[in-house]
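Quick notes on the structure that follows.
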């Protein structure tokens, strides 16, 4: 067990230098290929060692020891138009997943894991009409799930250490002739390099199993991350023009709390599962300054299990958490125009529906392979930047962003 844990940590750290562009807001649909093949469902259905973050009470389905190594190749397609359509070059990311769980004596279970859990990013460097915007948020979590089961009832707790890195950089020139006379321009830029932080959080969960039915509930704590000067520097250019009351952003970007319930029902070879959860962006530091709203996520998944192999399908829906701000106008506060540009240009987490397929092939009682594919159909949003018309005739008065996603996940499982 000790050697296996060391190997898992080395593999996760090697993959952890890459970033993720996630889906429900900035949060990955699911941890592991089994969950992702069913749309991310996992609060009321166990996926073995994978369940450490979704609902740690469900690692109690593990018999003996289960080890999983996996990852997701994530391919977002983001296009922005502020007078000229441009594609983001940040179009491929690798997201790691390493999970281990072990059955102990007297109903107790323990595990360890390291997972890429959330992130987002765009890269418009060298593309006109985009302020050369580059953003990159990546989050990794390390956790040690602990669980106990008796008479069909189980509880679990996963303390979490979260690593985060955030980078925001942009530069460009604004026409300010309407403010300072014909031909007047102003250079704007933001960014101070990559900010990093380590912080603590937890997930708690409970589940009850009876005659094929499993019901569960879980809560993930908010995790406050302080990226030092990254957000203040990014907001300073807006503040210099008197936007946001002349104030810049704070330095914290808090990963929001999540609360959810789920259920699954087994009918012979068939399993149907549903999850309902709320991601609380409105009260999270940083996101509330960006005007993000709480996101309600509904997931339904299906599995057909023959014993030798399984097939899965899922659907995940979470409404767009980024709402359009009132843009302002002549003589009015134009902060809304700046916020609309900041969100749709730098953090366009606007996708809503996700379709997934997956499966498992069992080579033996000890070894199996999981695969999953995901697709988020293109979503298009146009938000007003009408307040920027006061700056000059060449400045855009709206921003349109298109965003779709595809992904492929793989995991190898070993049981002993």
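Residue numbers (the working numbering): -11 to 404.
C-beta: ideal position from N, C-alpha, C; glycine also.
Query: Curious, which full-length alpha helix (DSSP H) runs of at least 4 residues does the region 164 to 188 contain?; Result: 165 to 168
Query: Can you tell which of 163, 114, 288, 332 has its C-alpha closest to the C-alpha of residue 280?; Result: 332
Query: Between which residues of its own chain and residue 328 is the CB-CB distance below 8 angstroms, once the five residues before and five after are set aside?; Result: 312, 313, 315, 371, 372, 373, 387
Query: At which residue ranges does the region 181 to 262 contain complete alpha helix (DSSP H) runs of 4 or more residues, listed in the order of the chain?; Result: 218 to 228
Query: Can you tell me whether residue 105 is buried or exposed, with buried defined as 16 or more other CB within 10 angstroms of its CB?; Result: buried
Query: Does the count of Cβ pairs from the region 185 to 204 and the region 220 to 230 closer than 8 angstroms reach three?; Result: no
Query: Going by alpha carbons, who is nearest to residue 242 out of 236, 152, 202?; Result: 152
Query: Give me the residue from 17, 352, 179, 114 with the minimum Cα distance to residue 77.; Result: 114
Query: Three or more beta-carbon pairs under 8 angstroms between the region 7 to 27 and the region 121 to 136, yes or no?; Result: yes
Query: Using 8 angstroms as the threshold, is the C-beta distance between residue 117 and residue 178 below it?; Result: no
Query: Following the continuous alpha helix (DSSP H) through residue 329, name the residue where it begins and the one where it ends.; Result: 323 to 329
Query: From residue 201 to residue 262, what distance separates their C-alpha atoms?; Result: 12 angstroms
Query: Looking only at DSSP bridge pairs, what is residue 126 linked to?; Result: 107, 153
Query: Which residues does DSSP list as the beta-bridge partners of residue 390?; Result: 67, 368
Query: So, using beta-carbon positions, are residue 292 and residue 258 closer together than 8 angstroms?; Result: yes
Query: Tell me whether the beta-carbon of residue 79 lies closer than 8 angstroms to the beta-carbon of residue 102.; Result: no
Query: By how many angstroms is the C-alpha of residue 264 removed from the C-alpha of residue 27?; Result: 12 angstroms
Query: How big is the Cα-Cα spacing for residue 398 and residue 20?; Result: 8 angstroms
Query: State buried or exposed for residue 48, treating a residue as buried only when at least 16 other CB atoms are found within 10 Å of its CB.; Result: buried
Query: What does DSSP give as the partner residue(s) for residue 145 in the beta ladder?; Result: 134, 192
Query: What does residue 265 pair with, by DSSP beta-bridge criteria?; Result: 248, 285
Query: Is the beta carbon of residue 247 sitting closer than 8 angstroms to the one on residue 275?; Result: no
Query: Where does residue 43 land, buried or exposed, given buried means 16+ other C-beta within 10 angstroms?; Result: buried
Query: Let me check one thing: in DSSP terms, what residues is residue 55 bridge-paired to?; Result: 88, 402
Query: How should residue 0 be labelled, buried or exposed, when 16 other C-beta atoms within 10 angstroms of its C-beta is the threshold for buried?; Result: Annotation note: pLDDT 37 at residue 0 (below 50); position unreliable, coordinate value reported separately. So residue 0 counts as buried.
Query: Measuring straight from C-alpha to C-alpha, what distance separates residue 69 and residue 384?; Result: 9 angstroms
Query: Determine the direct distance from the alpha carbon of residue 34 to that of residue 203, and round the result to whole angstroms.; Result: 10 angstroms
Query: Using only the alpha-carbon positions, how far apart do residue 40 and residue 85 sit?; Result: 11 angstroms
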